[in-house]
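Participant: Just so you know, the protein sequences line up as chains A and B, in that order. First residue of the first sequence? That's 1 in my numbering, and the numbers climb one at a time after it. First residue of the second sequence? That's 157 in my numbering, and the numbers climb one at a time after it. This is the structure I have questions about; it appears just below.
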Amino acid sequence: MTDENRRSFIRHSLCLLAALTTGITGVLKPLIALAERNSRAFAAGTEKDARAALFPGQQIETSDAIHIEARDVIENGAVVPLSITTKLPAAESITILVEKNPNPFIAKFNLGPGCSGFIATRIKVAQPSDIIAIVQSQGKLYSTRKFVEVITGGCG
Amino acid sequence: MASSIRVKTSMRDGLTTVRAIIRHPMHTGYEFDKEAKKLIPAHYIENVTVHHGDKVILQCDWGRAISANPYLSFTFTGAKTGDILRISWTDNLSGSDSIELGIQ
């Protein structure tokens, strides 16, 4: 291999490598941004702090297009079945907070494009409290709340 | 070992419903072990990701207040019978598990 050839070979290899890298990162870029875990929101001790850590500086409107399905009176706070349904178009995320829990931020569900606005799970509720659902839809935030009575608290 | 995840799917009018239960203690770190006379260390699932084929359709950030043996249900559109659904979780102690199944 002559010097000229070698240089050309190296140059081409580098170009190919660059093209491959861009291609691969492009393909692997997830549809939903896998954001860093929001530890500050999970550690927040009040609903206000949790909201501020989750949605800094954003307005949250109350909306009746979100429905929280949970029993009014709960015997065992360790297992509280709960579902959240929203009719808001193209819901991007559903966030659950329990106002009186030691850490009010419970969970955030980031919905992909095919997901309909429905999530069901079971959560722990420490004492009688409002449950708050926040839905992100078309870049705006909407919320609703429902009070549940708890007989035995569920945070150990 | 059997998977920690049990999943059922059902399809109706183009809408797929997924119901999953994950076997996991979900310790908050606030519970007191009376026999050992100390707090049970926090051990809980932080992230659950659901793929439909190679697309992420649901990504969940969980705190310690999801009940033990977490239940998760959601619905989505655009699936065909036999499409691959993959559910995976990771916890705060670097534990993880996943399951793949064909949508029915």
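Just so you know, even glycine gets a beta-carbon here, dropped at the ideal spot from N, CA and C. Predicted model only: the values in this text are computed from it and were never measured.
Could you work out which residue in B:R162, B:A158, B:D169, B:N225 is closest to K236 of chain B when comparing CA atoms only?
Facilitator: Nearest option by C-alpha distance: B:D169.
Participant: Would A198 of chain B and G219 of chain B be called neighbours here (beta carbons separated by less than 8 Å)?
Facilitator: Not in contact: A198 of chain B and G219 of chain B (Cβ atoms no closer than 8 Å).
Participant: At least one CB of chain A closer than 8 Å to the CB of E202 of chain B: is that the case?
Facilitator: Yes, its Cβ sits closer than 8 Å to a Cβ of chain A.
Participant: Answer with yes or no whether the minimum CB distance from S229 of chain B to chain A is below 8 Å.
Facilitator: Answer yes: the Cβ-Cβ gap between S229 of chain B and chain A drops below 8 Å somewhere.
Participant: Leaving aside the five residues before and after S254 of chain B along the sequence, list all residues of the same chain whose C-beta is less than 7 Å from its C-beta, in chain order.
Facilitator: Once the five neighbours on either side are set aside, the close Cβ partners of S254 of chain B are R242, I243, S244.
Participant: Please specify which runs of the alpha helix (DSSP H), each continuous and at least 4 residues long, are wholly inside the segment 31–65 of chain A, giving them in chain order.
Facilitator: Listed in chain order, they are 39–43, 47–54.
Participant: Quick one, which of A:V125, A:Q136, A:S137 has its alpha-carbon nearest K146 of chain A's?
Facilitator: That would be A:V125, whose Cα lies nearest to the Cα of K146 of chain A.
Participant: Under a CB-based cut-off of 8 Å, is T246 of chain B close to chain A?
Facilitator: No, because no Cβ of chain A sits closer than 8 Å to the Cβ of T246 of chain B.
Participant: Can you give me, in chain order, the residues of the segment 106–127 of chain A that have a beta carbon less than 7 Å from any beta carbon in chain B?
Facilitator: Here the close residues are I106, A107, K108, F109, N110, L111, G112, G114, C115, S116, F118, I119, A120, T121, R122, I123, K124.
Participant: What is the rounded straight-line gap between the Cα of D247 of chain B and the Cα of I106 of chain A?
Facilitator: Looking at the two C-alpha atoms, the distance is approximately 15 Å.
Participant: Evaluate F230 of chain B with the Cβ neighbour count: other Cβ atoms within 10 Å of its Cβ, from every protein chain shown; 16 or more gives buried, anything less gives exposed.
Facilitator: By the neighbour-count rule (16 or more Cβ atoms within 10 Å), F230 of chain B is buried.
Participant: Check whether chain A comes within 8 Å of S160 of chain B, counting only Cβ atoms and requiring the distance to be less than that.
Facilitator: Not closer than 8 Å to any Cβ of chain A, the Cβ of S160 of chain B fails to qualify, so no.
Participant: Output, in chain order, the set of chain B residues within a Cβ distance shorter than 9 Å of V98 of chain A.
Facilitator: The answer, in chain order, is A221.
Participant: E256 of chain B: which of B:F232, B:L228, B:I240 sits nearest, CA to CA?
Facilitator: Comparing Cα positions, the closest option is B:I240.
Participant: For G77 of chain A, which residues of its own chain have a beta-carbon under 8 Å away from its beta-carbon, when the five flanking residues on both sides are left out?
Facilitator: Counting only Cβ-Cβ distances below 8 Å, and skipping sequence neighbours, we find K124, V125, A126, Q127, V150, I151, T152, G153, G154, C155.
Participant: Could you name the residues of chain A that I213 of chain B contacts, counting a contact when the two beta carbons are closer than 7 Å?
Facilitator: Result: G112, G114, C115.
Participant: On the three-state DSSP scale, how would you describe N203 of chain B?
Facilitator: Three-state result, N203 of chain B: strand.
Participant: Does any residue of chain B bring its CB to less than 8 Å from the CB of A78 of chain A?
Facilitator: Taking Cβ atoms only, chain B reaches closer than 8 Å to A78 of chain A, which makes this a yes.
Participant: Please tell me whether R261 of chain B and K164 of chain B are closer than 8 Å, where the distance is taken between their beta carbons.
Facilitator: No information on residue 261 of chain B is available, as it lies outside the stretch 157 to 260 that chain B covers here.
Participant: My parser needs the beta strand (DSSP E) runs of 3 or more residues fully inside the segment 167–234 of chain B; what are they?
Facilitator: With a minimum length of 3 residues, the continuous beta strand (DSSP E) runs that stay inside the segment 167–234 of chain B are 171–178, 201–208, 211–218, 227–233.
Participant: Where I132 of chain A and D72 of chain A are concerned, what is the direct C-alpha to C-alpha distance, given to the nearest angstrom?
Facilitator: One C-alpha to the other measures close to 14 Å.
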